[in-house]
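Note sheet for the following structure.
Number of protein chains: 4
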Amino acid sequence: MPPPRSEAARRAILTAALDLVEEANYEKLSIEGIAARAGVGKQTIYRWWPSKGAVLLDALLALSEDQAGTLVPLPDTGDLEADLKLVMRATVAELDDPRYDRPMRALTAALLHDEALAADYAERLEAPITQIKLDRLRSAQAAGELRADVELDVAVDLIWGPVMSRWLQRTGSLTPAFADAVVASALSGLRRAG
Amino acid sequence: MPPPRSEAARRAILTAALDLVEEANYEKLSIEGIAARAGVGKQTIYRWWPSKGAVLLDALLALSEDQAGTLVPLPDTGDLEADLKLVMRATVAELDDPRYDRPMRALTAALLHDEALAADYAERLEAPITQIKLDRLRSAQAAGELRADVELDVAVDLIWGPVMSRWLQRTGSLTPAFADAVVASALSGLRRAG
Amino acid sequence: MPPPRSEAARRAILTAALDLVEEANYEKLSIEGIAARAGVGKQTIYRWWPSKGAVLLDALLALSEDQAGTLVPLPDTGDLEADLKLVMRATVAELDDPRYDRPMRALTAALLHDEALAADYAERLEAPITQIKLDRLRSAQAAGELRADVELDVAVDLIWGPVMSRWLQRTGSLTPAFADAVVASALSGLRRAG
Amino acid sequence: MPPPRSEAARRAILTAALDLVEEANYEKLSIEGIAARAGVGKQTIYRWWPSKGAVLLDALLALSEDQAGTLVPLPDTGDLEADLKLVMRATVAELDDPRYDRPMRALTAALLHDEALAADYAERLEAPITQIKLDRLRSAQAAGELRADVELDVAVDLIWGPVMSRWLQRTGSLTPAFADAVVASALSGLRRAG
DNA sequence: GGATAACCGAGACGGTACGTCCGGTCTTACC
DNA sequence: GGTAAGACCGGACGTACCGTCTCGGTTATCC
């Protein structure tokens, strides 16, 4: 039989982690601090997570699931550019919201020096999201909105990479206009002959 | 008159930092470790740098300057796509080389939770590089290789963002083919009407 | 009706405690370790004993009773000095035997900071032993081998104290010769006028 | 050159250790507690002492030296019994004083499961004290107050052992009368033929 | 011949302390 | 006065146990 595992403790830990990472930066985030804030023994964290990065990953997963239950596919009105602009504006807004920005940035930092965590992240958070992006693009390709020879995984990077890059490196501000421009330009390149 | 400042110590510190970050990951990199490896007192580090991230930034700057003395402009043969493919293949190769990948990744992690360092990085490492990118694009725009209404800073993100994003998130492998595809697609979107 | 109380568990716990204290020192002895070694839940120990010192006390009591069933009186041949030398040589031998030395030393350490346990020890282990010592001395006093004004409880300390003290403080080696010398000297002082 | 070593920290640590051991029992005494009370980092304790028992030993040594500067010889009026009764009454009084009793008992517990500490204790605290006891007895032997064939180290155990034993095991109360009785009886056995 | 109650093993839980590492400040001796 | 060395206070690390608790599962009387 599986161990009883306290659901209350689990939730308290994930909430505490998110709260703390929002208040300070990732460097200041400590297992000790999470345990104290959650009213939990440190061992309870170490029993279930290998590192604070893993706690953060679970916390972000919980955050995604809390609001949606399950991941929703991208809108498909038949107009790829319009659909993606809508999605990209939402993404850009989310990345500007500290509620997401802080923990996401913290998790990204953790991924940079923890390959095991990166693998876990890729499988559990990124893969499903990439899948729904690929699904939408495949549909568009079938409808002739993308050239037939476009490699869809490259297309995903072309469309979302510029936004991610600007977010991570704070190269510029993430405005709806930027979102639109990126989608328009990227799609333009993917539509007709290179 | 500035104090004599031991150049030997400075170099030893930067070298030690690079060596250590190459051996382990950024988390394990410690001021104490750098000092010990460099045969230097901790105070000597604290006297000249505010954080280990700052040491890393200087170390990377030194690395750039060691090989080039000064930053070279991007090639300008008149064929933007060919020039950028050349550059992008080199970039991709560099990002695959542990000698650059390790410290760059470590520095990126440091930037994520140190805004002061991020500002310093933006000014000293990124700005000059972005400048030479903008210079090349401006030249191309003048030559009619890019539409006149293209905002060049967005163009920079469109061209280099996909590569940076794939590197940071390890979303896929960084091959020369990928470099070519990204350049081709991005430029295709920037050349004609959106 | 009292619950059945598993005799097997009880014995496993006492044996495990003795084994562990013999292998390591008292500091390393842990309830958790005893439970694991005995193949027993921790709660089973906490249900029946208030502390690991109490377990140790029971373990030593069991050890005493295993070999003798009940405590035997000291020999009484009519020659007090000869009888006591015999007893003291046995005592000294026992204190040199790790099988007794280790747990006894551990128990002594526990007694030093647990007054409740000390009271329990005094009543259940020490009192009976002191009683048979007093019995033998009383018999000797009646036979004129000890002065009539000798206080017997002081006499017990005079005779056994030096050995206990040397054992506890490892002041010197516990040889049969030392046992003899102590008995001879102590009795010499208790026999005739002070 | 030797490291500078903060004398203030050293004293604060020893004082804190004594204070804490007086307030609670040895089990509750923790390095963490000492450090907190002394306003000192834990590392400063670990840097100079291998265990809390070692701290306690140094604290007690400091206590002995504070009051006397150096160890004073036992009184030698020519009347061994009178001199020893005086000394023993003082010893008994000291052992009844919580200021000495608590840390001494704590140290004794530590000695029981730390052989290295026991060796250190034997050399630095016990040996000098035993030496002055032996000196006094040797002087008495030379004056004919003790038989010539008495082994002085055994004599020390015979005289002080009963008191130590009663103290450690709380077998009875430590009164001046008990002190006198022990000295009288022990010397009686050491004076004339066994 | 179930019911039921205390036992049992296992082990998760909130905690405390461990002994170590490192951060950032300071002091000392050398050059 | 900068430097190598390293002690200092503080705080987090990850581990070991503490003593309490909650689980199912066995007994083993008692109705």
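Protein chains in written order, with this note's numbering: chain W, 21 to 214; chain U, 21 to 214; chain X, 21 to 214; chain P, 21 to 214.
All C-beta atoms in this analysis are idealised placements derived from N, C-alpha and C, irrespective of residue type, glycine included.
Exercise. Could you give the C-beta distance for U/Arg122 and W/Ala138, rounded to a whole number, given that I count them as a contact under 8 Å?
Worked result: For the purposes of this step, residue 122 of chain U is taken as residue 102 along the second sequence, with counting starting at 1. For the purposes of this step, residue 138 of chain W is taken as residue 118 along the first sequence, with counting starting at 1. Incorrect: roughly 15 Å between the Cβ atoms, too far for contact.
For this session: If I'm right that X/Asp140 touches X/Leu77 with Cβ under 8 Å, what's the distance once you round it to whole angstroms?
Result: As a first step, residue 140 of chain X is located in the third sequence; it is residue number 120 there, counting from the start. As a first step, residue 77 of chain X is located in the third sequence; it is residue number 57 there, counting from the start. Rounded to the nearest angstrom, the Cβ distance from X/Asp140 to X/Leu77 is 6 Å, consistent with a contact under 8 Å.
Exercise. Three or more C-beta pairs closer than 8 Å, one from the segment 101 to 116 of chain W and one from the segment 181 to 199 of chain W: is that the case here?
Worked result: With a cut-off of 8 Å, the segment 181 to 199 of chain W and the segment 101 to 116 of chain W count as touching, because enough Cβ pairs lie within range.
For this session: Starting from U/Tyr46, trace the alpha helix (DSSP H) both ways and give me its first and last residue.
Result: Start at 1 with the first residue of the second sequence, and residue 46 of chain U comes out as number 26. Premise fails: U/Tyr46 is in no alpha helix (DSSP H) and is neither H nor E.
Problem set entry | Nonlocal neighbours in the same chain, by C-beta distance under 7 Å from U/Val60, ignoring five residues either side | Taking the second sequence and counting its residues from 1, the one referred to as residue 60 of chain U is at position 40. The residues Ala29, Ala32 and Ile33, in chain order, have a CB closer than 7 Å to that of U/Val60 in the same chain once the five nearest residues on each side in sequence are set aside.
Exercise. Going along chain U, which residues have a C-beta under 7 Å from W/Ser50?
Worked result: Along the first sequence, read from residue 1 onward, the residue named residue 50 of chain W stands at position 30. Per Cβ cutoff of 7 Å: no residues; W/Ser50 is ~13 Å from chain U at best.
For this session: Establish whether the CB of W/Tyr46 and some CB of chain U are separated by less than 7 Å.
Result: Reading the first sequence from its first residue, position 26 is the one you call residue 46 of chain W. Yes, its Cβ sits closer than 7 Å to a Cβ of chain U.
Exercise. Using the beta-carbon of each residue, which ones in chain W are nearer than 9 Å to U/Ser185?
Worked result: In the second sequence, the residue the question calls residue 185 of chain U occupies position 165. Within 9 Å of the CB of U/Ser185, the CB atoms of chain W belong to Asp177, Trp180, Gly181, Pro182, Val183, Met184, Ser185 and Leu188, in sequence order along the chain.
Problem set entry | Member of X/Pro118, X/Asp117, X/Pro95 and X/Gly53 whose CA lies at the smallest distance from the CA of X/Ser159 | Within the third sequence, residue 159 of chain X is the residue found at index 139, counting from 1. Considering only X/Pro118, X/Asp117, X/Pro95 and X/Gly53, the residue with the shortest C-alpha distance to X/Ser159 is X/Pro95.
For this session: Keeping to the same chain, check which residues put their C-beta closer than 6 Å to that of W/Leu210; ignore five residues upstream and five downstream.
Result: For the purposes of this step, residue 210 of chain W is taken as residue 190 along the first sequence, with counting starting at 1. When the five nearest sequence neighbours on each side are left out, the beta carbons in the same chain lying within less than 6 Å of the beta carbon of W/Leu210 are those of Leu166, Val170 and Ala175, in order along the chain.
For this session: Scan the segment 132 to 160 of chain P for residues whose Cβ lies nearer than 8 Å to a Cβ of chain X and list them as they occur along the chain.
Result: Listed by position along the chain: Leu132, His133, Asp134, Ala138, Ala142, Glu146 and Thr150.
For this session: With DSSP as the reference, label X/Pro22 as helix, strand or coil.
Result: By one-based count along the third sequence, residue 22 of chain X stands at place 2. Here the model assigns X/Pro22 a pLDDT of 41, short of 50, so the residue's position is not dependable, and the following value carries that caveat. Three-state DSSP puts X/Pro22 in coil, outside helix and strand.
For this session: Run down chain W in chain order and give the residues with a C-beta less than 9 Å from the C-beta of U/Leu210.
Result: As a first step, residue 210 of chain U must be located in the second sequence, where it is residue number 190. Ordered by position in chain W, the residues that pass the 9 Å Cβ test against U/Leu210 are Ser205, Ser208 and Gly209.
Problem set entry | Element boundaries [alpha helix (DSSP H), containing P/Thr64] | Walking along the fourth sequence from the start, residue 64 of chain P turns up at place 44. From DSSP, the alpha helix (DSSP H) with P/Thr64 extends over Lys62 to Trp68.
Exercise. Roughly how many whole angstroms lie between the Cα atoms of U/Lys48 and U/Ala58?
Worked result: Along the second sequence, one-based indexing puts residue 48 of chain U at 28. Along the second sequence, one-based indexing puts residue 58 of chain U at 38. U/Lys48 and U/Ala58: Cα-Cα distance of roughly 16 Å.
Exercise. Can you find a CB in chain U that lies within less than 7 Å of the CB of W/Ala129?
Worked result: Position 109 of the first sequence, counted from the first residue, corresponds to residue 129 of chain W. Output row for W/Ala129: interface = yes.
Problem set entry | Coarse secondary structure for U/Asp103, derived from DSSP in three states | As a working mapping, residue 103 of chain U is identified with position 83 in the second sequence. Residue state, collapsed to three classes: helix.
Exercise. For P/Asn45, which residues of its own chain have a beta-carbon under 6 Å away from its beta-carbon, when the five flanking residues on both sides are left out?
Worked result: Numbered from its first residue, the fourth sequence carries residue 45 of chain P at position 25. Nothing listed; no residue qualifies.
For this session: Compare the Cα-Cα distances from P/Val41 to each of P/Trp68, P/Gln63, P/Thr64 and P/Gly73 and report the closest residue.
Result: Locating residue 41 of chain P in the fourth sequence gives position 21, where the first residue counts as 1. Ranked by Cα distance from P/Val41, the options P/Trp68, P/Gln63, P/Thr64 and P/Gly73 are led by P/Gly73.
Problem set entry | C-beta neighbour in chain W for U/Ala37, strict 7 Å | Taking the first residue of the second sequence as position 1, residue 37 of chain U is located at position 17. Chain W contact via Cβ: absent.
Problem set entry | Identity of the residue in U/Ala36, U/Ser84, U/Ala82 and U/Leu80 nearest U/Lys62 by Cα | By one-based count along the second sequence, residue 62 of chain U stands at place 42. If we check each option's Cα against that of U/Lys62, U/Ala36 comes out closest.
Problem set entry | Cβ-Cβ distance between U/Arg67 and W/Leu132 below 7 Å | Looking up residue 67 of chain U in the second sequence gives position 47. Looking up residue 132 of chain W in the first sequence gives position 112. With contacts defined by Cβ atoms closer than 7 Å, U/Arg67 and W/Leu132 do not form a contacting pair.
Exercise. Relative to the alpha-carbon of P/Ala163, which residue among P/Val107, P/Glu101 and P/Met184 has its alpha-carbon at the smallest distance?
Worked result: Numbered from 1 along the fourth sequence, position 143 holds the residue referred to as residue 163 of chain P. The option with the nearest alpha carbon to P/Ala163 is P/Glu101.
For this session: Just confirm the distance between the C-beta atoms of X/Gly98 and P/Asp173, as a whole number of angstroms; I'd bet it's less than 8 Å.
Result: Along the third sequence, one-based indexing puts residue 98 of chain X at 78. Along the fourth sequence, one-based indexing puts residue 173 of chain P at 153. Going by Cβ atoms, the distance from X/Gly98 to P/Asp173 rounds to 32 Å, so no, they are not a contact pair.
Exercise. Exposed or buried, P/Gln161, counting other C-beta atoms within 10 Å across all chains shown (16 or more means buried)?
Worked result: As a working mapping, residue 161 of chain P is identified with position 141 in the fourth sequence. Per the 10 Å Cβ criterion, buried.
Problem set entry | Pick from W/Arg144, W/Val92 and W/Tyr120 that is closest to W/Leu16, judged by C-alpha positions | Not covered by the structure: residue 16 of chain W. The range shown for chain W is 21 to 214.
For this session: Measuring alpha carbon to alpha carbon, tell me which of X/Thr195, X/Val203 and X/Trp187 ends up nearest X/Leu178.
Result: Here residue 178 of chain X corresponds to residue number 158 of the third sequence, with the count starting at 1. That would be X/Val203, whose Cα lies nearest to the Cα of X/Leu178.
Exercise. Should W/Ala206 go down as buried or exposed, given a rule of 16 or more other Cβ atoms within 10 Å for buried?
Worked result: Locating residue 206 of chain W in the first sequence gives position 186, where the first residue counts as 1. Flag for W/Ala206 reads buried.
Exercise. With distances taken from CA atoms, which of W/Ser208, W/Leu104, W/Leu81 and W/Val75 is nearest W/Leu145?
Worked result: Taking the first sequence and counting its residues from 1, one reaches residue 145 of chain W at position 125. Comparing alpha carbon positions, the residue from W/Ser208, W/Leu104, W/Leu81 and W/Val75 closest to W/Leu145 is W/Leu81.
For this session: Apply the 10 Å Cβ neighbour rule to X/Pro182 and answer buried if 16 or more other Cβ atoms are within range, or exposed otherwise.
Result: Sequence index remark: in the third sequence, residue 182 of chain X carries index 162 (1-based). Buried, since its Cβ has 16 or more Cβ neighbours within 10 Å.
For this session: Under 7 Å Cβ to Cβ from X/Glu52, same chain only, skipping five residues before and after it: list those, please.
Result: The residue given as residue 52 of chain X occupies position 32 in the third sequence. If we look at X/Glu52 and ignore the five residues flanking it on each side, its Cβ neighbours are Lys62.
For this session: With a threshold of 16 other CB atoms inside 10 Å of the CB of U/Ser50, please say whether the residue is buried or exposed.
Result: Counted from its first residue, the second sequence places residue 50 of chain U at position 30. Taking all protein chains shown into account, U/Ser50 has fewer than 16 neighbouring C-beta atoms within 10 Å of its C-beta and is therefore exposed.
Exercise. Does the distance from the C-beta atom of X/Met184 to that of P/Ser185 stay below 7 Å?
Worked result: Locating residue 184 of chain X in the third sequence gives position 164, counting from the first residue. Locating residue 185 of chain P in the fourth sequence gives position 165, counting from the first residue. In this structure, P/Ser185 lies closer than 7 Å to X/Met184 by Cβ.
Exercise. When the cut-off is 7 Å and only beta carbons count, does X/Arg57 lie next to chain P?
Worked result: Looking up residue 57 of chain X in the third sequence gives position 37. False, the Cβ-Cβ gap to chain P never drops below 7 Å.
Exercise. Alpha carbon to alpha carbon, how far is U/Glu43 from U/Val75?
Worked result: Here residue 43 of chain U is taken as the residue at index 23 of the second sequence, counted from 1. Here residue 75 of chain U is taken as the residue at index 55 of the second sequence, counted from 1. For U/Glu43 and U/Val75, the distance between alpha carbons rounds to 16 Å.
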